[in-house]
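Worksheet: the structure to be examined is printed underneath.
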Amino acid sequence: MFILTLALRNLFRNTRRTVITSGAVVFGVAFQVLGWGLVDGLDDNFLRAVATTTTGDILIRPPDFPTDGLSYPVEEASIPPAFADFSGESAPRALFTARVVHHGDAARGMGVAYEPDADYTVFPRERWRVTGVWPDSGKAEVALGDAMARMMGVGVGDQVTVQARTVEGAQNAMSYAITALIHTDNGQMDNSAIWLRMEIAEELLQLKGRRTHVSLRIGGLQDAGTVRDELVAAGALTAPDGQVWSATTTREEAADMLAINDIRRRAILLLVGVIMAIAATGIANTVIMAAYERVREIGTLLALGMKRRDVSALFLVEGALLGFGAGLAGAVLGSFAVLYWQSNGIVLSEDLMKSQSALPVSAVIYTHFNWAPVLGSLTFSAVIATLASVQPARFAARLNPADAVRAD
Numbered sequence: 013m014f015i016l017t018l019a020l021r022n023l024f025r026n027t028r029r030t031v032i033t034s035g036a037v038v039f040g041v042a043f044q045v046l047g048w049g050l051v052d053g054l055d056d057n058f059l060r061a062v063a064t065t066t067t068g069d070i071l072i073r074p075p076d077f078p079t080d081g082l083s084y085p086v087e088e089a090s091i092p093p094a095f096a097d098f099s100g101e102s103a104p105r106a107l108f109t110a111r112v113v114h115h116g117d118a119a120r121g122m123g124v125a126y127e128p129d130a131d132y133t134v135f136p137r138e139r140w141r142v143t144g145v146w147p148d149s150g151k152a153e154v155a156l157g158d159a160m161a162r163m164m165g166v167g168v169g170d171q172v173t174v175q176a177r178t179v180e181g182a183q184n185a186m187s188y189a190i191t192a193l194i195h196t197d198n199g200q201m202d203n204s205a206i207w208l209r210m211e212i213a214e215e216l217l218q219l220k221g222r223r224t225h226v227s228l229r230i231g232g233l234q235d236a237g238t239v240r241d242e243l244v245a246a247g248a249l250t251a252p253d254g255q256v257w258s259a260t261t262t263r264e265e266a267a268d269m270l271a272i273n274d275i276r277r278r279a280i281l282l283l284v285g286v287i288m289a290i291a292a293t294g295i296a297n298t299v300i301m302a303a304y305e306r307v308r309e310i311g312t313l314l315a316l317g318m319k320r321r322d323v324s325a326l327f328l329v330e331g332a333l334l335g336f337g338a339g340l341a342g343a344v345l346g347s348f349a350v351l352y353w354q355s356n357g358i359v360l361s362e363d364l365m366k367s368q369s370a371l372p373v374s375a376v377i378y379t380h381f382n383w384a385p386v387l388g389s390l391t392f393s394a395v396i397a398t399l400a401s402v403q404p405a406r407f408a409a410r411l412n413p414a415d416a417v418r419a420d
């Protein structure tokens, strides 16, 4: 307690120097906490955008069907499995590459043929923004992603022609009325989706019951990977035509984007490491300056019987307190920012969303608070500061009491 009291008093002898030295640690810790919260939020963003619009909890597709998210060859559609014993919800879809034509202007998009009742159970639409009404049963109507509609300059009530290749490989084109503009909070869908009811798509594509994807919703109490493995083991992915469909979880579907975020985490750690190295140099300089300024005081303490290891401990504690205090301030600042954006979100600009049309990213990114980077940053800053104080502590402990007392 005596050493701790001395260390705290010594830190506040030169408040300005202590604050300046602490600045790099405060910034480094705050940057790590905020950066980690943002990257974790991006993970949640990708998973949410994919799960609520395209995959559900598990996405199954015919064998060898492209998984690049860019091509949807409807000619590879197949009869989907029945899932007789599956306890969750399933939504069959037929995704296909299409062109939308309006008064000579054309845009390439992704057709989404859906069965309304089944689709709603797997992809609840409470958070979707719908301008207009969804296409009605049996009518030649479509809905477009709102960003795609803005790009083409069309709106509700306009007539467009949708061109697509049928299952047999022939080109087909039909005219539809736009009844709705859909904002799903998934940039990929909003920039390219052409929504058609399944009975209308059957006529356009000549599907004859074939589908390209089936999304499954299992609820939050079960692990998607475990359910997928059970379906595989039970042979539930075998379709009536004998084809065995492949199955992936939401996290596996977003694996590429999650891997990019892992690279971002490493970059954050590298940058924070550089900042902390600079901070360690400043802390070492501050502590050794304090040691030189207090030579007579150290000599007096040694002369009064203070052990050399206690003198060494005094400077180590000063460095640890400096690092921990600065780390705590940085952690508070970073955590405050993470918690604020976790509630309010970071709204991406429309221009950015248009430039990211191929990515399943939401227009609003919410950060994600996690105790691990906070506690890790605090520990790291305290350890770095303590290590930076080792050499000054050794210098102070080696002083000769007689010479130190006589020093100016």
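In case it helps, our numbering puts the sequence shown at residues 13 to 420.
Ideal Cβ placement from N, Cα and C applies to all residues, glycine included.
The model shown is predicted, which means the values in this text are computed figures rather than measured ones.
Cβ-Cβ distance between methionine 301 and arginine 29 below 9 Å: Start at 1 with the first residue of the sequence shown, and residue 301 comes out as number 289. Start at 1 with the first residue of the sequence shown, and residue 29 comes out as number 17. The answer is yes: Cβ separation under 9 Å.
Closest Cα partner of histidine 225 within the set Leu71, Ala152 and Glu305: One-based indexing of the sequence shown puts residue 225 at position 213. When each option's Cα is compared against that of histidine 225, the closest is Leu71.
Proximity winner among Thr262, Val256 and Ala251, relative to threonine 238 (alpha-carbon distances): Your numbering for residue 238 matches position 226 in the sequence shown. Nearest C-alpha to threonine 238: Thr262.
Where threonine 191 falls, given that 16 or more other Cβ within 10 Å makes a residue buried: As a working mapping, residue 191 is identified with position 179 in the sequence shown. Residue burial is scored here from C-beta neighbours: threonine 191 has at least 16 other C-beta atoms within 10 angstroms and is therefore classed as buried.
Residue environment, methionine 13, which counts as buried when at least 16 other CB atoms sit within 10 Å: Here residue 13 refers to the residue found at position 1 of the sequence shown. So methionine 13 ends up on the exposed side.
Nonlocal neighbours in the same chain, by C-beta distance under 7 Å from aspartate 253, ignoring five residues either side: Taking the first residue of the sequence shown as position 1, residue 253 is located at position 241. So the list reads Ser90 and Ile91, once near-sequence residues are dropped.
Glutamate 153 - partner residues in DSSP beta bridges: Position 141 of the sequence shown holds residue 153. DSSP lists Ala189 as the bridge partner or partners of glutamate 153.
Selection from Leu399, Arg105 and Leu313 that minimises the alpha carbon distance to leucine 18: The count along the sequence shown starts at 1 and reaches residue 18 at position 6. Distances from the CA of leucine 18 to each of Leu399, Arg105 and Leu313 were compared; the closest alpha carbon is that of Leu313.
Nearest-angstrom Cα separation, counted from aspartate 235 out to glycine 53: Mapped onto the sequence shown, residue 53 falls at position 41. Mapped onto the sequence shown, residue 235 falls at position 223. In this structure, the CA atom of glycine 53 is about 21 Å from the CA atom of aspartate 235.
Endpoints, beta strand (DSSP E) assigned at aspartate 117: Residue 117 sits at position 105 when you count from the first residue of the sequence shown. Aspartate 117 -> beta strand (DSSP E) spans 117–126.
Cβ-Cβ distance between glycine 68 and alanine 96 below 9 Å: Position 56 of the sequence shown, counting from 1, holds the residue named residue 68. Position 84 of the sequence shown, counting from 1, holds the residue named residue 96. The answer is no: Cβ separation not under 9 Å.
Top-ranked residue by Cα proximity to leucine 208, from Glu180, Arg229 and Val172: Position 196 of the sequence shown, counting from 1, holds the residue named residue 208. Ranking Glu180, Arg229 and Val172 by CA distance to the CA of leucine 208 puts Val172 first.
Spatially closest choice to phenylalanine 43 from Asn412, Ala338 and Arg406, by CA coordinates: What you label residue 43 is simply residue 31 of the sequence shown in a count that begins at 1. Residue Ala338 is the option with its Cα nearest to phenylalanine 43.
CA-to-CA distance, phenylalanine 392 to alanine 408, given in whole angstroms: Taking the first residue of the sequence shown as position 1, residue 408 is located at position 396. Taking the first residue of the sequence shown as position 1, residue 392 is located at position 380. If you draw a straight line from the Cα of alanine 408 to the Cα of phenylalanine 392, it is about 25 Å long.
Nearest candidate by alpha-carbon position, reference alanine 176, set Leu217, Ala205 and Lys151: Your numbering for residue 176 matches position 164 in the sequence shown. Of Leu217, Ala205 and Lys151, the residue nearest in Cα terms is Leu217.
Cα-Cα separation, valine 37 to glycine 342: For the purposes of this step, residue 37 is taken as residue 25 along the sequence shown, with counting starting at 1. For the purposes of this step, residue 342 is taken as residue 330 along the sequence shown, with counting starting at 1. The straight-line gap from Cα to Cα measures roughly 7 Å.
Endpoints, beta strand (DSSP E) assigned at arginine 177: Taking the sequence shown and counting its residues from 1, the one referred to as residue 177 is at position 165. Looking at the DSSP string, the run of the beta strand (DSSP E) that includes arginine 177 is 171–177.
Beta-bridge pairing of glutamate 101 - partner residues as DSSP gives them: For the purposes of this step, residue 101 is taken as residue 89 along the sequence shown, with counting starting at 1. Its beta-bridge partners are Arg229.
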